Amino acid sequence: MVSATLRFAALSLSVALLGTSTALASDGTLAAGDYIGFTFFIGYMAMFAASVFFFFERGRVSDKWKTSMLVSGLITMIAAVHYFYMRGVWLDTGTSPTQFRYIDWILTVPLMCIEFYLLLRPAGASSSMLWRLFGGAVLMLVAGYMGEAVQPASNVMWGIISTIGWAIIIYEIYMGEARKRVDASDNAGVKTAFVRLRWFALAGWAIYPIGYMLLPGNLMAGMIPVSNMDLIYNIGDAVNKIGFGLVVYVMAINDTK
Ligand SMILES: *C/C=C(C)/C=C/C=C(C)/C=C/C1=C(C)CCCC1(C)C
């Protein structure tokens, strides 16, 4: 029943997205050598395919991990829809779709926090742990948006505030309650998955502040032309969102056997 509903949702999503893609032909063409444009298209299709994969595979894992699989699919699905729009902005204007980018992050990063929580819930994770992760994510992203879009002249200050939010998340998973829960867990698969997800949040996510520091007036300004920031963000998103979901998938499948 539930899996039939999900199949329907995946199907309607594909139909909706295919329907809107007629807008693509209006005047948007992808120039040869526009590698940023390439990554917007590849990112869109990869996120889309990953969502279908996670929704269908959800039926194969034990009940305990079904919500985790659903969340993996939601993360890539939300990203697929935003990539559809971002790809359009890039084609039509050649500018950075910063607003869509942050709208995407403010939805997907909290879902990634939920993924940590769901993984550790059988080990006794508290809801206050989830709220601390949410708090860190909101601080990180609101401050990042302020620096990137609202007050670019103060982007160093906003970047520092944003980094505090990221540090709250890193502290929680490396030293806080999340760490204690996973240490106490007797499920080897959960431990491995947690360590992998944690690595994404530390190393995989580091790509974003690096991109941010390339902004005019920021610490690494001018080292790479700033339009390439989208290239960095696009590759980072694909690795972090699809990779994150795959870690959960591998854990769930192994735990089901
Ligand atoms: C799927 C999207 C993800 C995982 C986005 C993650 C975004 C970040 C970790 C952004 C972090 C930032 C800082 C730590 C400081 C500078 C501003 C940001 C927002 C780029």
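Numbering (this note's numbering), first residue to last: 109 to 365.
Where is the CB? At the ideal position from N, CA and C, for every residue including glycine.
If you're wondering where the values come from, they're calculated on a predicted model, not measured in any experiment.
Is it buried or exposed for residue i, if we count other Cβ within 10 angstroms and need 16 for buried?
| i | result |
| --- | --- |
| Ala-131 | With a pLDDT of only 32 at Ala-131, under 50, the local geometry of the prediction cannot be trusted, and the value read off the model is given with reservation. With fewer than 16 Cβ atoms within 10 Å of its Cβ, Ala-131 is classed as exposed. |
| Ile-272 | exposed |
| Ile-222 | buried |
| Met-55 | No information on residue 55 is available, as it lies outside the stretch 109 to 365 that the chain covers here. |
| Ala-261 | exposed |
| Gly-360 | First, the amino acid is wrong: residue 360 is Ala here, not Gly. Its Cβ being crowded by 16 or more others within 10 Å, Ala-360 is buried. |
| Ser-134 | Confidence is the limiting factor: at Ser-134 the pLDDT is only 40, short of 50, which leaves the residue's position unreliable and the question unanswerable from this model. |
| Pro-205 | buried |
| Ser-129 | Note that Ser-129 scores 38 on pLDDT, short of 50, meaning its location in the model is unreliable; the coordinates nonetheless yield the value given after this. That one is exposed. |
| Thr-364 | exposed |
| Asp-212 | buried |
| Ile-186 | buried |
| Thr-203 | exposed |
| Val-258 | exposed |
| Ser-235 | exposed |
| Thr-201 | exposed |
| Gly-167 | exposed |
| Met-109 | Interpretation of Met-109 is limited by its pLDDT of 48, a score under 50 that renders its predicted location unreliable; the figure taken from the coordinates is listed afterwards. Answer is exposed; the Cβ neighbour count stays below 16. |
| Met-328 | exposed |
| Val-298 | buried |
Should residue i and residue j be called a contact, given that it needs their Cβ atoms to be closer than 9 Å?
| i | j | result |
| --- | --- | --- |
| Arg-195 | Gly-141 | no |
| Ala-309 | Ile-278 | yes |
| Ser-270 | Gly-252 | yes |
| Leu-228 | Ala-286 | yes |
| Leu-238 | Tyr-225 | yes |
| Lys-349 | Met-155 | yes |
| Ala-339 | Tyr-143 | According to the sequence provided, residue 339 is Leu. The question's Ala does not apply to it. Contact flag set, yes. |
| Gly-344 | Gly-319 | yes |
| Tyr-316 | Tyr-282 | no |
| Met-177 | Val-169 | yes |
| Leu-199 | Thr-137 | yes |
| Arg-240 | Ile-276 | yes |
| Leu-323 | Met-331 | no |
| Val-290 | Gly-312 | no |
| Met-157 | Gly-181 | Rather than Met, the amino acid found at residue 157 in this sequence is Ala. Cβ atoms of Ala-157 and Gly-181: not closer than 9 Å. |
Can you find a CB in chain B that lies within less than 9 Å of the CB of residue i?
| i | result |
| --- | --- |
| Gln-259 | Of the protein chains in the structure, only one exists, and it is not chain B. |
For a test of the three-state rule: what should DSSP assign to residue i, helix, strand or coil?
| i | result |
| --- | --- |
| Trp-239 | helix |
| Thr-203 | coil |
| Gly-273 | helix |
| Pro-333 | coil |
| Asp-171 | helix |
| Lys-299 | helix |
| Lys-365 | coil |
| Ser-234 | coil |
| Pro-260 | helix |
| Gly-284 | coil |
| Trp-313 | coil |
| Gly-181 | helix |
| Pro-324 | coil |
| Ser-293 | coil |
| Gly-141 | coil |
| Met-155 | helix |
Measuring only from the beta carbon, is residue i closer than 8 Å to any heavy atom that is part of ligand 3?
| i | result |
| --- | --- |
| Tyr-143 | Looking at this structure, you won't find ligand 3 anywhere; what it does contain is ligand 1. |
Say whether the stretch 350 to 365 touches the stretch 162 to 175, bearing in mind that this needs 3 or more beta-carbon pairs closer than 8 Å, one atom from each stretch. yes
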